[in-house]
Amino acid sequence: MVAHVSTKGDVDLTAELKQKFESVFQDGLGTCTKEKAALTLLPGAKPVYRMKRPVAHASLEVVEKEIERLVDMGVIEPITHSEWAAPIVCVRKANGKMRVCADFSTGLNKALEDYEYPIPIPEDIFASLNGGTMFSQIDFSDAYLQVELTNEAKEVVVINTHKGLYRYKRLPFGIKTAPGIFQSIMNKMISGLDGVAAYLDDIVVVGKTPEEHKRNLFALFESIAEYGFRVRLEKCSFAKPEIKFLGFIVDREGRSPNPEKVIAISKMPAPQSVTQLRAFLGMVTYYSSFIPNMKELRANRLMRWATMLIGYDFDIEYIKTDSFGQDDGLSRLLQRHPLTQEDCVIASVEVDVKQVFADAVRRLPVTAETIRKHTEKSVIQILSPQKACQIGVTVSELKTSQKWSTPVIPPRVLFQGTMDHRI
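Below you can see the structure in the form of structure tokens.
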């Protein structure tokens with residue numbers, strides 16, 4: 001585990017930094033003095049104005065206080081008219097405070113040109129830290145908000161709230177080009193500095209000796225002060241033998257997985273949706289270099305299934321069919337393997353599949369579409385690998401049939417490892 005106990009040397013270093021770079025540790029937002037964030041609209045982009053979203057009555061007071069705080073900080077300002085507007089999303093933080101975020105995915109992000117600036121590859125950053133014996137980690141306070149918007153950009157970055165329209169004066173989170181813009185500023189700020197690496201607003205300083213580390217650290221703070229940024233002292237750590245960085249523990253021996261992340265992965269429940277599956281695969285891939293036999297686990301599925309394949313039956317007779325042939329064939333297969341009602345994905349079928357579902361939907365008093373409309377929740381049917389194997393079908397074989405059942409029971413979740421369970 002990473003030690004957070006301050007030694008006398010750490011305290012002295014912190015005090016020296018605060019004394020020499022007082023402006024960097026001041027409360028409130030810093031302001032980047034070198035450049036402002038510009039947003040470029042796509043040619044022909046039309047303004048998108050979205051209505052405000054309702055805020056729960058119990059949260060009204062907290063949300064209003066947060067909006068007032070952002071106004072006092074100079075992050076947003078009230079306006080009376082705008083052709084652009086995005087709704088807000090209110091998220092309660094662990095400390096009970098409310099975070100007001102803009103949902104720019106409702107229109108503005110699609111209208112913006114991409115900002116093609118590369119985000120550093122973690123592997124490259126870790127390579128640059130090799131050989132270090134002492135580390136410091138710098139955390140910016142509300143990093144993106146320390147970058148002002150150009151006057152043109154302010155006209156399109158607008159939120160619609162129950163208190164009216166507000167225009168952003170600073171670069172907010174949620175703008176799709178914000179990471180690239182901020183990373184480009186960070187790279188310019190640390191350009192030419194030894195032993196310094198930046199991943200967005202997370203900056204690491206390394207040194208092979210205490211003297212070298214201190215020299216690199218003070219050079220960084222001089223650049224931070226020159227750019228007008230401010231850091232959050234309570235989130236910084238100075239002159240440590242090891243630090244947590246990008247999900248890893250970094251020390252003089254190199255990097256190793258953060259035990260907290262490993263425990264989180266081991267306790268993670270089986271994915272129940274595409275989003276959860278992607279999150280799980282992302283975490284596993286990130287730590288793939290530390291997983292034994294990962295190469296074999298990631299082998300091509302055809303290679304892993306080779307021992308399960310059987311010879312082709314050349315005596316199979318084929319007949320010509322219409323566009324619903326897959327549904328018809330699959331339904332006959334299902335007919336030979338009786339299932340309970342909850343296991344059925346398509347109807348039984350001596351007639352046209354499309355007509356069966358069309359008639360069935362018309363007779364239903366309530367459909368999945370109705371449920372989604374009134375509850376904002378999706379009806380989910382899970383087809384487990386075991387059940388799929390019992391009827392001898394794969395996800396791809398079910399694809400065509402499923403589209404006809406969507407109005408009734410949309411199967412949103414299908415486990416991907418079906419073939420792996422086949423005997």
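In UniProt numbering, the protein residues as written are 1 to 423. Ideal placement from N, C-alpha and C gives every residue a C-beta, glycine not left out. What you are looking at is a predicted structure, and each value in this text was computed from that prediction instead of being measured.
CB-CB under 8 angstroms to I209, same chain, minus the five flanking residues each way: which ones, in chain order?
The displayed chain sequence assigns Thr, not Ile, to residue 209. Taken in chain order, the residues that qualify are T133, M134.
Is the beta carbon of R167 less than 8 angstroms from the beta carbon of E148?
Not a contact, by the Cβ cut-off of 8 angstroms.
Buried or exposed, going by whether 16 or more other CB atoms sit within 10 Å of the CB of Q183?
Answer is buried; the Cβ neighbour count reaches 16.
Suppose the cutoff is 7 angstroms on Cβ atoms and the five residues either side in sequence are ignored; what does the same chain contact list for D251 look like?
Around D251: P241, E242.
Whole angstroms are fine: how far does the CA of E113 sit from the CA of F218?
C-alpha separation (whole angstroms): 37 angstroms.
Within a Cβ cutoff of 8 angstroms, which residues of the same chain sit near N187, ignoring the five residues on either side of it in sequence?
The residues are A198.
Within its chain, find whatever has a CB closer than 8 angstroms to the CB of N130; leave out the 5 residues flanking it on each side and keep chain order.
Within the same chain, N130 has close Cβ partners G254.
Using CA coordinates, which residue listed in A239, Y227, F229 is at the minimum distance from R215?
Here the closest residue by C-alpha is A239.
Could you tell me which residues DSSP puts in a beta bridge with M98?
Paired residue(s): R92.
Is it true that the segment 221 to 239 meets the segment 18 to 35, where meeting means three or more beta-carbon pairs spaced less than 8 angstroms apart?
A contact exists between the segment 221 to 239 and the segment 18 to 35.
Whole angstroms are fine: how far does the CA of P271 sit from the CA of I190?
For I190 and P271, the distance between alpha carbons rounds to 40 angstroms.
Which residues in the same chain as E211 place their Cβ atom closer than 7 angstroms to its Cβ, once the five residues preceding and following it in sequence are excluded?
The answer is none, since no qualifying residue turns up.
With distances taken from CA atoms, which of V196, V11, I181, F173 is nearest V100?
The shortest C-alpha separation from V100 is found at F173.
Distance, Cα to Cα, L70 vs R92?
Rounded to the nearest angstrom, the two C-alpha atoms are 16 angstroms apart.
Do A102 and I159 have their beta-carbon atoms positioned less than 8 angstroms apart in this structure?
Against a cut-off of 8 angstroms, the Cβ pair of A102 and I159 comes out as a contact.
Quick check on DSSP: helix, strand or coil for Q416?
Reliability of the predicted coordinates at Q416 is poor, the pLDDT of 39 falling under 50, and the value obtained from them is presented with this limitation in mind. Q416: coil per DSSP, three-state reduction.
Taking 8 angstroms as the cut-off, decide whether the C-beta atoms of C32 and V63 are in contact.
No.
Apart from the five residues just before and just after F126, which ones in its own chain have a Cβ nearer than 6 angstroms to its Cβ?
Excluding residues within five positions, the ones whose Cβ falls inside 6 angstroms are R255.
Could you check where the beta strand (DSSP E) with E77 kicks off and where it finishes?
From DSSP, the beta strand (DSSP E) with E77 extends over 76 to 79.
What would DSSP say about V274, mapped onto helix, strand or coil?
In this structure, V274 counts as helix in the three-state DSSP scheme.
Provide the residue(s) that pair with L41 in DSSP beta bridges, ordered along the chain.
Answer is L112.
For N153, collect the residues of the same chain with a Cβ closer than 7 angstroms to its Cβ; drop the 5 residues on either side in sequence, then sort them by chain order.
This sequence places Ala at residue 153; Asn is not what is there. Hits under 7 angstroms: A37, A38, L39.
Would you say residue 427 and A111 are within 8 angstroms of each other, going by their C-beta atoms?
A query on residue 427 cannot be resolved here, the shown segment of the chain reaching from 1 to 423 and no further.
How many Å lie between S128 and Y115 at the Cα?
Cα to Cα, the separation comes out at about 26 angstroms.
Using 10 angstroms around the beta-carbon of L281, count the other beta-carbons present and answer buried if the total reaches 16, otherwise exposed.
So L281 counts as exposed.
Please classify G96: is it buried, with 16 or more other beta-carbons within 10 angstroms of its beta-carbon, or exposed?
The residue is exposed, with fewer than 16 neighbouring Cβ atoms inside 10 Å.
Should M98 and E66 be called a contact, given that it needs their Cβ atoms to be closer than 8 angstroms?
It is a contact, given that the beta carbons lie within the stated cut-off.
Put Y144 into one of helix, strand or coil per three-state DSSP.
Here Y144 sits in helix by DSSP.
Starting from the C-beta of G180, find all residues in its chain whose C-beta is less than 6 angstroms away, skip the five residues before and the five after it, and write them out in chain order.
Cβ within range, chain order: Y115, Y117.
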